[in-house]
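Structure first, commentary second.
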Amino acid sequence: MPPPPPPPLPPALSEVEDPEEAAFQRLWGPWEPWTPQQAAEALESWDATWWIAGGWALEAFTGVPRRHEDIDVAVWRQDIPRLRTYLGPAYHCWAAGSGQLRPLSDDEPTLPEWSHQMWVREHAWAPWLIDVVATEDIGGAWVFRRDPSFTAPLPEVTWVAPDGIRYLNPEMVLAYKAKLTRPKDDADLAAALPRLETAAREWLRDTVRRLHPEHHWLSQL
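Residue 136 in the working numbering is what sits at position 136 of the sequence shown, and the numbering runs on without skipping anything.
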């Protein structure tokens, strides 16, 4: 009996309008990210802490729809092997970062030092589904990777939406984005800034000024 045919390939790269995204997909493969609700369903039985960061966290805060290339699901770094085990054989998990991808396995279940992310997909022909962000902690406190001197209890840097999904605070997301200065990051700032409370806005301003003293956001903050 012949083997079953492989799953269909993703759409041709010629259908991808953004040249940067097309180049990314040619090298690493396409993304069809879960929504936060799909992530919550998949992680419903997992007994460890997780939260949504990145663009989805900003959309949840602002209510302004935006395009999403991926979804950032954050967990504590030490929980990465447990999450891989929880996802089981239905998903393949890869260490990502520094221009590298390497599959995780039973022999090598932890992320290497160069990686702060675990990409997840079903198989080699399937699109990537979630980008798991490995978050450092000090005694259970959240550590800001851009400036490890800043730590805080997780409830102080996250908020919980009415549907029970936990998200990283918008000022924290924007502080990460300040390093990149892409047009979409400027759009995220424009959507979130009028909705930030005074303390959050001041923290973001002080953090951007300290880490990026010439940043063009400072004139708006």
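We put the beta carbon where it would ideally sit given N, CA and C, even for glycine.
Excluding sequence positions up to five away, which residues of its chain have a Cβ less than 6 Å from the Cβ of Ile71? Cβ within range, chain order: Pro33, Trp34, Trp56, Ile130.
Proximity of Arg195 and Leu221 at Cβ, strictly below 9 Å: No, these two residues do not count as a Cβ contact at 9 Å.
CB-CB under 8 Å to Leu189, same chain, minus the five flanking residues each way: which ones, in chain order? Here the set comprises Leu174, Lys177, Trp217, Gln220.
Give the range of the beta strand (DSSP E) segment to which Glu103 is assigned. First, the residue type needs correcting, since residue 103 is Pro and not Glu in the sequence shown. Per DSSP, the unbroken beta strand (DSSP E) holding Pro103 starts and ends at 100-103.
Tell me Ile52's beta-bridge partners as DSSP assigns them. In DSSP, Ile52 forms a bridge with Val73, Tyr167.
Nearest to Ala74 by alpha carbon, out of Val208, Ala40, Leu193, Asp106? When each option's Cα is compared against that of Ala74, the closest is Ala40.
If you pair each beta-carbon of the region 138-145 with each one of the region 18-31, do three or more pairs fall below 8 Å? As far as the Cβ criterion goes, the region 138-145 does not touch the region 18-31, which means the pair count is below three.
CA-to-CA distance, Leu180 to Pro127, given in whole angstroms: Whole-angstrom Cα-Cα distance: 25 Å.
Residue range of the beta strand (DSSP E) that includes Leu129: Counting along the chain, the unbroken beta strand (DSSP E) around Leu129 starts and ends at 128-135.
Pull up the distance between the alpha-carbon of Ala192 and that of Thr62, whole angstroms please. The straight-line gap from Cα to Cα measures roughly 6 Å.
Report the three-state DSSP secondary structure of Val64 (helix, strand or coil). Here Val64 sits in coil by DSSP.
CA-CA distance, Ala199 and Ala22? Ala199 and Ala22: Cα-Cα distance of roughly 40 Å.
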